[in-house]
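The first sequence: position 66 = 185 (the numbering used here), numbered continuously. Note that beta-carbon positions come from the ideal geometry of N, C-alpha and C, so glycine has one too. It should be emphasised that the depicted structure is a prediction, and the values quoted were computed from it without experimental measurement. As structure tokens, the structure follows; a few thoughts come after it.
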Amino acid sequence: MAQPTFTTHLGMVDILPGEVEKWQTIERIIREEAKKFNFDEIRTPIMEQTELIARGVGQLTDIVSKEMFAFERGEDHYVLRPECTAPVARAFVEHHLEQRGGTQNLYYIGPMFRAERPQKGRQRQFHQFGAEIMGADDPAADVDIIAFMMAIYNRIGITNTTLKVNSVGDPESRKAYKKALQDYFRPNLSKLSEISQKRFETNPLRILDSKEDEDQPFIEDAPIITDFLNDETAEHYAKVKELLNNLEISFEEDPHLVRGLDYYTRTAFELISPDLGAQDALGGGGRYDLLVEEIGGQHTPAVGFAAGIERLLIACEELGIELAEEQKLDIYIVTLGEKARKWALSHLPKLRNAGLSASIDYIGRSMKAQMKDANRENARYTIIVGENELNEGKFTLRDMKASEEESLTFEEILDQLATD
RNA sequence: GAGCUCGUAGCUCAGUUGGUUAGAGCGCCAGGUUGUGGCCCUGGAGGCCGUGGGUUCAAAUCCCAUCGGGCUCCCCA
């Protein structure tokens with residue numbers, strides 16, 4: 120096939136009719152669950168200041184160091200948002216949302232952008248939904264965030280997942296742990312992979328996340344963060360696990376779970392699916408008690424999650440979950456001749472105002488072609504309008520499924536359809 | 001940034017050791033019924049075989065390059 124003149128950019132895809140209905144279903148479920156969990160929607164711009172993302176997500180992360188779609192215009196530095204927690208935190212600070220009182224429970228749905236090589240479950244423009252609880256230090260918030268996330272997957276029917284949890288510690292615990300890790304790796308530093316050697320100084324925690332073969336034997340026996348948590352953090356983590364158990368949300372502790380965004384503190388979690396291929400994380404999140412301060416706000420402990428919609432769709436596909444029903448059209452008006460067309464155009468609004476979906480042929484096709492079209496559109500009824508019908512003031516209402524016809528006035532047709 | 005792999009009709013794909021005007025199924029359009037869909041039958045439209053170059057009497061087929069897609073590593077959703 121010859122390549123068309125214009126195509127989408129690499130890793131950016133059109134969501135076409137037939138597919139988009141699945142997205143609508145997912146979005147509807149997210150909104151319904153959000154309502155149950157008392158989360159309010161927030162919509163932030165697609166572009167943010169580059170510096171916000173750099174400071175929020177972390178200068179050394181892959182996201183910031185090599186995956187940003189960023190450009191300058193005059194004095195301004197724009198970046199297509201690669202995630203939505205930093206933008207939500209920014210909005211929180213900018214609009215003093217804490218003044219609304221209590222904690223802020225916010226959720227979002229929208230496109231994110233990262234300049235990576237696309238593969239299964241990974242696009243350059245991808246879509247996340249997520250939620251944040253801002254202003255709560257209590258483990259109850261961590262658990263409600265997880266419960267919210269799980270509720271959405273349960274509603275959709277994706278239940279064969281594994282929830283992994285860990286605590287990545289507060290700054291004090293992290294400092295102690297970082298030192299312990301460095302002490303542990305130092306004797307074997309030269310045997311580690313190149314990447315891990317680089318991370319040794321900056322962020323040794325990330326070594327634990329490495330999938331390089333040569334690192335594995337060292338990672339296995341590495342000290343684990345949970346042994347270095349201070350009392351307060353350990354207690355918080357214990358509480359989170361206890362509450363998860365109370366809610367009968369099953370989980371696995373994974374002491375090596377480290378998240379790739381720098382803002383995480385204490386609770387971290389990830390939801391894994393066996394149906395996804397190489398990119399097996401449906402969603403993940405955790406606490407980010409320091410982010411709001413980092414970007415210039417008051418100290419605001421917070422916890423959140425983000426999840427990928429494309430991956431959710433892949434999982435549904437694998438599990439054979441039907442997300443969208445066939446679209447149905449209530450009425451297709453089949454017209455024969457100019458007069459009939461005129462009649463149809465003047466009566467379409469009456470059908471539509473009555474809450475019915477209704478359509479006609481625009482391009483003067485034969486009756487047979489119109490019937491075929493009506494069939495393709497899954498029309499429940501056709502109204503057939505020709506010379507005879509116009510003269511008599513009675514129209515042929517055809518029930519497409521039953522293949523039965525009646526001759527009725529337009530008012531009678533409206534009545535009948537209204538009772539359906 | 002690196003590796004593997006694939007580019008033939010709108011879609012899914014055949015195309016035998018290089019050999020006349022490149023095929024099928026589905027889809028689309030039309031006819032079979034001058035006013036009736038789904039099933040069936042018939043016909044039609046739609047391809048410079050991703051692009052460029054080379055080898056050859058002859059290339060979808062062999063060689064080189066290039067562009068594009070998919071998957072994977074890294075990392076994340």
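| Item | Value |
| --- | --- |
| Buried or exposed: His128, going by 16 or more other Cβ atoms within 10 Å of its Cβ? | exposed |
| Would you give the residue range spanned by the beta strand (DSSP E) that Thr386 belongs to? | 384-391 |
| Mind checking Asn494: buried by the 16 CB within 10 Å criterion, or exposed? | exposed |
| Quick one: is Gln143 buried, meaning 16 or more other Cβ sit within 10 Å of its Cβ, or exposed? | exposed |
| Should Thr352 and Gly405 be called a contact, given that it needs their Cβ atoms to be closer than 8 Å? | no |
| Enumerate, from N- to C-terminal direction, the unbroken beta strand (DSSP E) stretches of 3 or more residues contained entirely within the region 280-367. | 281-286 |
| Mind pulling the beta strand (DSSP E) runs of 3 or more residues that sit fully within the region 429-466? | 448-454 |
| Where does the unbroken alpha helix (DSSP H) through Val504 begin, and where does it stop? | Taken as a continuous stretch (DSSP letters only), Val504 belongs to no alpha helix (DSSP H), being part of the beta strand (DSSP E) at 498-504. |
| Tell me whether His215 is buried or exposed, calling it buried when 16 or more other Cβ atoms sit within 10 Å of its Cβ. | exposed |
| Return the residue from the list Arg209, Ile264, Arg200 that minimises the CA-CA distance to Ala234. | Arg200 |
| Decide if the region 300-308 is in contact with the region 336-346; the criterion is three or more beta carbon pairs, one per stretch, under 8 Å apart. | yes |
| Enumerated in chain order, which unbroken segments of the alpha helix (DSSP H) with a length of 4 residues or greater are wholly contained in the region 137-211? | 139-155, 169-176, 181-185 |
| Go ahead and pull the three-state DSSP assignment for Asp394. | coil |
| So Gly374 packs on Asn285, CB below 8 Å; how close in whole Å? | Sequence inspection shows Pro at residue 374; the Gly mentioned does not correspond to that position. Yes, they are in contact, since the Cβ atoms of Pro374 and Asn285 sit about 6 Å apart, within 8 Å. |
| What would DSSP say about Tyr272, mapped onto helix, strand or coil? | helix |
| What are the boundary residues of the alpha helix (DSSP H) that Glu530 is part of? | 529-538 |
| In whole angstroms, what is the alpha-carbon distance linking Gly249 and Glu361? | 24 Å |
| Is Arg406 helix, strand or coil when you go by DSSP? | strand |
| State the Cα-Cα distance for the pair Val453 and Thr515, rounded to the nearest angstrom. | 10 Å |
| When the Cα of Gln242 is compared with those of Thr384, Gly130, Asn472, which residue comes out closest? | Gly130 |
| Counting pairs of beta carbons, one from the region 375-393 and one from the region 324-335, are three or more of them closer than 8 Å? | yes |
| Got a sec? Which residues, its chain only, sit under 6 Å from Pro420 by beta carbon, not counting five neighbours each side? | Asp256, Asp408 |
| For Leu533, collect the residues of the same chain with a Cβ closer than 8 Å to its Cβ; drop the 5 residues on either side in sequence, then sort them by chain order. | Lys469, Leu470, Ala473 |
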